[in-house]
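Heads up: the sequence shown is residues 527 to 848, going by my numbering.
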Amino acid sequence: MHILKRWAVFISERFEPVSHTLMIASFFGANAIMALIINNSTAVCSSPQSLCCHLRILGGFFLVWLIFFHMRLFDDIKDYETDKLVNQERPLPRGVLTTLEFGAGILSVVILEVVLAASLGIKVFSTYAVVFAFTLVMRQEFFIGDWLRPKMELYAITHTFSACLMGCLIFSAVTDNFINAMPWQYLAIAIGNWFVFNVFEFGRKTFAKNEEREGVDSYSMRLSPGGAVILLGINVFMAFSMLYLCCVNLSWPDGHVQQPGIGIFGNMLVSAAVISFVVAISGMLYSFNPSKFYAKFYRGAVSAYLVLYHVAILITGYLIIN
Numbered sequence: 527m528h529i530l531k532r533w534a535v536f537i538s539e540r541f542e543p544v545s546h547t548l549m550i551a552s553f554f555g556a557n558a559i560m561a562l563i564i565n566n567s568t569a570v571c572s573s574p575q576s577l578c579c580h581l582r583i584l585g586g587f588f589l590v591w592l593i594f595f596h597m598r599l600f601d602d603i604k605d606y607e608t609d610k611l612v613n614q615e616r617p618l619p620r621g622v623l624t625t626l627e628f629g630a631g632i633l634s635v636v637i638l639e640v641v642l643a644a645s646l647g648i649k650v651f652s653t654y655a656v657v658f659a660f661t662l663v664m665r666q667e668f669f670i671g672d673w674l675r676p677k678m679e680l681y682a683i684t685h686t687f688s689a690c691l692m693g694c695l696i697f698s699a700v701t702d703n704f705i706n707a708m709p710w711q712y713l714a715i716a717i718g719n720w721f722v723f724n725v726f727e728f729g730r731k732t733f734a735k736n737e738e739r740e741g742v743d744s745y746s747m748r749l750s751p752g753g754a755v756i757l758l759g760i761n762v763f764m765a766f767s768m769l770y771l772c773c774v775n776l777s778w779p780d781g782h783v784q785q786p787g788i789g790i791f792g793n794m795l796v797s798a799a800v801i802s803f804v805v806a807i808s809g810m811l812y813s814f815n816p817s818k819f820y821a822k823f824y825r826g827a828v829s830a831y832l833v834l835y836h837v838a839i840l841i842t843g844y845l846i847i848n
């Protein structure tokens, strides 16, 4: 089989393009719209020079997409030896690509990222360098892999911190600012990304008893179904708290500070709260009856949350600036 076809097999199985692009687009859009609002950059994107802004947004989106992709590549090569034992159906263990071909693919993606980040200017490139450096350290499991790997919860939250850094990169890309020019309100949004991705990470590895696999760790096995739901619930609450903290401390545009739960950011907060509540309800149903049906329903709600939470912020934010 031609190498391009083999890469297509890998991507279709390990980085399904439609669902991943939808997730990345919602994530990027939510962060971008909040960056524009917080940085009062909306006038730039509605001016005669708006083409430049839109091109920057498109370039920033493609850059973030590539970073998500290279992190998937890093994960698969990092887990290669383990996958040969417990996930033999994955593309690398079954020989769809050789490790040499895989390494060449990673290098190609990184070179493309560097070129794209450099084309967006030194301010974006400097933030990209921080993100890329973190993914390299993450690829090495922070050089403490033997100690960190058995600590499943700590392992997860150290890796999902990359979502916080990518939020910072989105800010640089759409506002053309250095990372140190980021207002504290946007920092709350970036930190919120961390909790949102924790929700997805903790939820997707939670199962019914008859779904558990021998030799494969899960949060439901380690913490019990109820404990896994509590852990996820804390992160749902923290994600919403970061959004709330940001919104109720924004001035728009005449210097009027929004009051909690009302004003132009009210719809955003209500929408995010409703989506968060649905996840909480699905978790309660699963914890009271951890059957296969409710476990799948819970994981589905968590997967939907990752997209819908960001879509809610994107749509309500777009309505605010228009």
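Where a beta carbon is used, it is the ideal one built from N, C-alpha and C, also for glycine.
query: Beta-carbon proximity check, Y812 vs A765, cutoff 9 Å; result: no
query: Runs of alpha helix (DSSP H) wholly within the region 553-635 (minimum 4 residues, chain order); result: 568-571, 576-604 and 606-612
query: Among L662, S645 and V656, the one whose alpha carbon lies nearest that of L633; result: L662
query: Contacts around C690, its chain only, beta-carbon distance under 8 Å, and the 5 residues preceding and following it disregarded; result: A716, I717, N719 and W720
query: Expected contact under 8 Å - CB spacing of V725 and Y831 to nearest Å; result: 6 Å
query: Assigned secondary structure, R675 (DSSP; H/G/I helix, E/B strand, else coil); result: coil
query: Secondary structure of A734, DSSP reduced to three states; result: coil
query: Residues near L638 by beta carbon distance below 8 Å, same chain, minus five either side; result: L592
query: Distance between V544 and G843 (C-alpha atoms, nearest Å); result: 24 Å
query: Whether L771 touches A798 by CB criterion (9 Å); result: no
query: Closest residue to S829 among R616, A630, S744 and V804 (Cα-Cα distance); result: V804
query: Sub-9 Å separation of I705 and S652 beta-carbons; result: yes
query: Own chain residues within Cβ distance below 6 Å of S817, not counting five before or after; result: A734
query: From Y712, L581 and V635, residue whose alpha carbon lies closest to that of G647; result: L581
query: Inter-stretch contact (C-beta, 8 Å, three-pair minimum) for the region 623-633 and the region 530-537; result: yes
query: Buried or exposed by the 16-neighbour rule on C-beta atoms within 10 Å, applied to H596; result: buried
query: Proximity of S808 and G792 at Cβ, strictly below 9 Å; result: no
query: Per-residue DSSP class, three states only, for E740; result: coil
query: Span of the alpha helix (DSSP H) around I790; result: That residue, I790, is in no alpha helix (DSSP H); it is neither H nor E in DSSP.
query: CA-to-CA distance, I841 to F588, given in whole angstroms; result: 20 Å
query: Residue-chain proximity (E679, chain C), Cβ-Cβ < 9 Å; result: Here there is only one protein chain, and chain C is not present.
query: Burial state of S746 (16 or more Cβ within 10 Å); result: buried
query: Rounded Cβ spacing between V700 and A558 (contact assumed at less than 8 Å); result: 5 Å
query: Per-residue DSSP class, three states only, for S645; result: helix
query: I839, buried or exposed, once every other Cβ within 10 Å from all chains shown has been counted against 16; result: buried
query: N848 (DSSP reduced to helix, strand or coil); result: coil
query: Own chain partners of E738 with C-beta closer than 8 Å, once the 5 adjacent residues on each side are dropped; result: S744, S746 and M747
query: Boundaries (first-last residue) of the alpha helix (DSSP H) holding A534; result: I529 to R540
query: Under 9 Å between C-beta atoms of R540 and R598; result: yes
query: For L642 and F628, believed in contact at Cβ under 8 Å, the rounded distance; result: Going by Cβ atoms, the distance from F628 to L642 rounds to 21 Å, so no, they are not a contact pair.
query: Beta-carbon spacing of T686, E727 below 9 Å; result: yes
query: 8 Å contact criterion, which V612 and V742 should meet: CB distance rounded; result: 6 Å
query: Delimiting residues of the alpha helix (DSSP H) encompassing M500; result: Past the boundaries of the shown model lies residue 500; the chain is included only from 527 to 848, so the question cannot be answered.
query: Cβ neighbours of G759 in the same chain (closer than 7 Å, five flanking residues each side left out); result: A806 and G809
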